[in-house]
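Residues 73 to 403 in my numbering are what the sequence shown spells out, letter by letter.
Here is the structure we will look at, set down as structure tokens.
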Amino acid sequence: MTKPIPHRRLGTNGPSVSAIGFGAAVLSPGYYEPVEDTASIDTVRYALDCGVNLIDTSNVYGLGHNEQLIAQAIAGRRDEVVLASKFGWVVDGSSGTEVQVNYDMPGIRANGRPEYVHQQIDGSLQRLGVDHLDIYYVHFPDPGTPIEETVGAMAELVGQGKVRYLGLCNVDAATLRRAHAVHPIAVVENEYSLWARIQEKEVLPTAKALGIGFVPWAPLGSGFLGADIESVDAGDFRSWQPRFKADNLEENRKRFGPLRDLAKELGISPAQLALAWLLHQGEQVVPIPGMTQRWHVDDNLAATAVMLDAEILRRIDQVAPPGLAAGAGLV
């Protein structure tokens, strides 16, 4: 990137962030391809050098490893970063309520109890080596705890100076409205891409109406929209996803072939087309693709310069309409 990255505001009164952020989950083992910490830190620092300022992590990624890795990457550069982390996804089954998802993976449990909120923030701050988070998300709403109670506790963290803005992940429109009535929600982070367009029905319009920013996770379809993936290994996070099962994956490669052809026609990479399309869905939309190598950063950031006119957007809707993907999404 030779030109400065454009910035967007997350929410009516939220932080100003680079139009493309950094999804850090892929930097911990067990998500996609094997990664090495030194190379991962270099990639994050390179992204910062290129103007990326939104970094998204969670206490559950690598069971704390990811936050510790980000701490090393941003050391001495805290003022350059809009730092987001999450709590509430319990992987050891010790607490919380089971969350129903469509992935073929060990049961997800969520804990949004007020005491748990206060317990988790200090661990994240310590691992990240900071005194506050810019954005704090609940990773999954806890079906056993009213969202009003969870957000009320999160709002107390704002009052204590430990958190600046609040966010919700993997949430429906009704829950978003209830949460926003308790304390302003700056941003929603849900799965959204050209192969996961369900957000367009209710959540995205609700966020727009309430002045809430929208951060798509898996904006490249967990890598599918950026590379021609023929298979995934058993230890890969995507092996739990129905869309990456053998039959579905082969079918999806066929169904999304025309989208790749369109990218080639336009002279851009498939990833650039997918990200540029998201950027055209509203000024409050800020995708956070995972990036493990410097060239990923260069390729993804170039999407901010891709202009899609009305005709191209119409053609994208034709070749990649809602519901095209074979296999269910997360929720």
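Glycine included, every Cβ here is placed at the ideal spot set by N, Cα and C.
For V98, which residues in the same chain have their Cβ closer than 8 Å to its Cβ, ignoring the five residues on either side in sequence? Within the same chain, V98 has close Cβ partners Y104, V107, G362, M363 and T364.
Inset, instruction - Quick one: give me the first and last residue of the alpha helix (DSSP H) that A279 is part of. - result: Run containing A279: V275 to L282, per the alpha helix (DSSP H) assignment.
When DSSP labels each residue in this structure, what does S90 get in the three-state scheme?
-> The answer is strand: DSSP assigns S90 an E or B state.
Report task. May I ask which residues mark the beginning and end of the beta strand (DSSP E) holding I208? Result -> First, the residue type needs correcting, since residue 208 is Tyr and not Ile in the sequence shown. If you look at Y208, you'll find it in the beta strand (DSSP E) that goes L205 to V210.
* P277: buried (16+ other C-beta within 10 angstroms of its C-beta) or exposed? -> With fewer than 16 neighbouring CB atoms inside 10 Å of its own CB, P277 falls in the exposed class.
### Task
Please work out which residues of its chain come closer than 6 Å, Cβ to Cβ, to M73, disregarding the five sequence neighbours upstream and downstream, and give them in chain order.
Residue placement at M73 cannot be trusted, given a pLDDT of 47 that sits under 50; the coordinates are not used to answer.
Exercise for review: From the DSSP output, in three-state form, read off K158 for me.
Suggested key: For K158, the three-state secondary structure derived from DSSP is strand.
Please look up how many angstroms separate the CB atoms of V275 and C241, rounded, as I've assumed it's under 8 Å.
Not a contact, Cβ separation roughly 11 Å.
query = Quick one: Cα of I113 to Cα of G233, how far?
reply = Going from the Cα of I113 to the Cα of G233 covers about 28 Å.
- Please name the residue or residues paired with G128 in a DSSP beta bridge. Here residue 128 turns out to be Asp, not Gly, going by the sequence shown. Partner(s): G95 and A156.
Could you tell me the alpha carbon to alpha carbon distance between I77 and E152, rounded to whole angstroms?
Approximately 14 Å, taken between the alpha carbons.
Three-way DSSP call (helix, strand, coil) for N242 in this model: Of the three classes helix, strand and coil, the one that applies to N242 here is coil, per DSSP.
| Quick one: Cα of G329 to Cα of E220, how far? | Taking the straight line from one Cα to the other gives about 44 Å.
Alpha carbon to alpha carbon, what distance is there between L205 and D128?
Straight across, the Cα-Cα distance linking D128 with L205 is about 11 Å.
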